[in-house]
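Written below as structure tokens is the structure these notes are about.
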Amino acid sequence: MIRFKYVVAFALFVPAVYAADFPTNLYTESENKFISVIDKYAQSVDGVDNELKINKLKKERDKEIYPIFKNENNNFPQNWYGVVDYISTTNDGDGVIKIKIADNITIGTWNTSFADKKYYTLIKADSKLYDVVSDLSEGDIVKFSGLFHSASKAKYKPTKTEIMNEKGFYESSLTLKGGMTEPSYIFSFTDIEKIN
């Protein structure tokens with residue numbers, strides 16, 4: 012099956028060729044709940060064109076996501092699973108990776124140094140994580156941990172003392188509706204491990 016996607020920031024067109032086989036039997040409780048809430052609200056905006064209504068539903072979704080993380084590592088998912096969707100480098104050589112946890116949900120770094128300024132998501136070329144990612148291929152099943160960025164404080168380096176709030180996590184979709192149906196969350200990876 013051929014999938015086409017647009018990589019956010021400068022709208023680079025990148026085809027990915029693989030059939031995703033999600034390891035849902037390995038998913039943690041928090042990952043399953045996260046996907047369930049997003050799917051619920053993705054369906055709720057189907058056929059809705061009024062952006063005020065979509066924005067209202069987005070706020071409801073983010074409030075529903077909040078309790079999932081409130082008592083479990085806040086915005087720091089540990090040992091989640093997904094399928095590598097995209098791997099590349101910036102012009103400076105830093106690593107870019109996007110992981111899908113469902114057909115419509117992507118978690119990943121920014122794809123340019125300019126977009127990543129103040130976010131600190133890119134994988135540095137001199138890091139151990141870079142060595143791990145350099146051995147991955149699109150379609151690989153991986154286990155990963157890291158940090159979401161809070162939507163209320165998107166431009167900063169996240170720390171483990173930060174608490175997620177009801178404004179949800181920062182995501183980079185070009186449209187409000189796209190952020191509801193196919194959200195692409197910005198994420199700072201601390202660990203990635205190939206499973207298959």
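Heads up: the sequence shown begins at 12 in the working numbering, then just goes up one per residue.
Glycine is no exception: its CB is placed at the ideal position from the N, C-alpha and C atoms.
Only a predicted model underlies this, so the values are computations on that prediction, with no experimental measurement involved.
- Taking a contact as a CB-CB distance under 8 Å, the pair Asp96 and Glu149 counts as one, their CB atoms being some 6 Å apart.
- Beta-bridge annotation (DSSP): Trp91 is paired with Phe155.
- Take Asp127, set aside five residues on each side of it, and the residues of its chain with a beta-carbon closer than 6 Å to its own are Trp121, Leu133, in chain order.
- Spanning the alpha carbons of Ser184 and Pro194 requires a straight line of approximately 6 Å.
- Between Thr100 and Ser124, the C-beta gap is not smaller than 7 Å, which leaves the two residues out of contact.
- Residues of the same chain with a CB within less than 6 Å of the CB of Asp103, apart from the 5 flanking positions on each side, are Ser124 in chain order.
- Here Glu182 carries a strand assignment [DSSP, helix/strand/coil].
- Runs of the beta strand (DSSP E) lying entirely within the region 88 to 141, each at least 3 residues long, are 91 to 100, 106 to 113, 116 to 119 in chain order.
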